[in-house]
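Numbering (the numbering used here), first residue to last: 122 to 461.
All C-beta atoms, glycine included, are put in the ideal place defined by N, C-alpha and C.
Being a predicted model, the structure only gives us computed values, none of them experimental.
A short write-up of the structure that comes next.
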């Protein structure tokens, strides 16, 4: 199975559906994820990279299973040999929406217009670049050139009614020439054009706190990857690890989060990961969101740890989740293989 760098280089297929709303500006992006129907809660999604091992042999069946679990959205990272119209038809059969997809940075200059057309066919509202090759970021000037490419591509995307975002790993937070590259990228990109898909696992790996970025750049984070970290620094199912997602949930409005995508790069059982992660994230959100007392008590019985203030700390695994997890990861625990 290719690593993430090889995967993104090979990910050249276009993306996907028509009549899309404009990309939200900073003034209207700062809203918490709202239910479409009373009692439904936020529309939770799945990053399909998690299920890449089973999608090729049962594409429609896998999407149907996600819908049965309760997911209402998916994010693509490749189309497994299917044309945009086939992708749209599969989504319509299962009732899922695909508001976003990952594309390689090479697509910005190679067939970008065709990529945008495909995105309109499928129904994507966002296209997300998920990796910047090392050769493009040797220094801060390299990051500034990347920012310029993002601004240009995002301007073209906006003309097509599609938003543009960048997904982080941890290398963006490693100091370079006395600065943090992620900060430079945020400063050099137009906030009305370029948004961020914040990966909560990778920012924790990088030793940074997402709340700091929500405070400094409100409304710029419409999408997040909800991915949990084990005590050894590896990935685990959402709610089974150490990351304090409650701190993010209570700041969703400030951040502008409208799409929550569960992800696990290397799950032992992808469908089990999908099910457990959905249940745990839904419980965390219910416990936080001022649910009716009965729902809150059900969440507490599931092991949700909640401060008196209402802040969700996480799932209780012998009290090991009672401190914020956005802290530097010991070097020995850092993965040498960056992924989604």
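Residues that DSSP places opposite residue i in a beta bridge
{"i": "residue 288", "result": "318"}
{"i": "residue 168", "result": "196"}
{"i": "residue 349", "result": "357"}
{"i": "residue 387", "result": "Residue 387 pairs with nothing; no bridge assigned."}
{"i": "residue 250", "result": "224, 287"}
C-beta atoms of residue i and residue j nearer than 7 Å
{"i": "residue 384", "j": "residue 348", "result": "yes"}
{"i": "residue 382", "j": "residue 196", "result": "yes"}
{"i": "residue 369", "j": "residue 343", "result": "no"}
{"i": "residue 240", "j": "residue 288", "result": "no"}
{"i": "residue 219", "j": "residue 244", "result": "yes"}
{"i": "residue 211", "j": "residue 184", "result": "yes"}
{"i": "residue 229", "j": "residue 285", "result": "no"}
{"i": "residue 399", "j": "residue 190", "result": "yes"}
{"i": "residue 350", "j": "residue 373", "result": "no"}
Helix, strand or coil at residue i [DSSP, three-state]
{"i": "residue 304", "result": "helix"}
{"i": "residue 220", "result": "strand"}
{"i": "residue 381", "result": "strand"}
{"i": "residue 297", "result": "strand"}
{"i": "residue 371", "result": "coil"}
{"i": "residue 275", "result": "helix"}
{"i": "residue 344", "result": "strand"}
{"i": "residue 261", "result": "helix"}
{"i": "residue 108", "result": "Only positions 122 to 461 of the chain appear in this structure, which leaves residue 108 out of reach."}
{"i": "residue 231", "result": "coil"}
{"i": "residue 174", "result": "coil"}
Counted within 10 angstroms of its Cβ, other Cβ atoms place residue i as buried (16 or more) or exposed
{"i": "residue 367", "result": "buried"}
{"i": "residue 293", "result": "buried"}
{"i": "residue 365", "result": "buried"}
{"i": "residue 320", "result": "buried"}
{"i": "residue 163", "result": "buried"}
{"i": "residue 295", "result": "exposed"}
{"i": "residue 386", "result": "buried"}
{"i": "residue 328", "result": "exposed"}
{"i": "residue 291", "result": "buried"}
For residue j and residue i, the rounded distance between their alpha carbons
{"i": "residue 231", "j": "residue 223", "result": "15 Å"}
{"i": "residue 221", "j": "residue 314", "result": "16 Å"}
{"i": "residue 214", "j": "residue 171", "result": "21 Å"}
{"i": "residue 389", "j": "residue 355", "result": "13 Å"}
{"i": "residue 377", "j": "residue 397", "result": "26 Å"}
{"i": "residue 311", "j": "residue 272", "result": "6 Å"}
{"i": "residue 233", "j": "residue 203", "result": "18 Å"}
{"i": "residue 303", "j": "residue 338", "result": "12 Å"}
{"i": "residue 260", "j": "residue 298", "result": "7 Å"}
{"i": "residue 177", "j": "residue 166", "result": "20 Å"}
{"i": "residue 346", "j": "residue 200", "result": "19 Å"}
{"i": "residue 217", "j": "residue 308", "result": "35 Å"}
{"i": "residue 357", "j": "residue 283", "result": "32 Å"}
Neighbour flag for residue i against chain C, beta carbons, 7 Å
{"i": "residue 403", "result": "Any reference to chain C falls outside this structure, which holds one protein chain only."}
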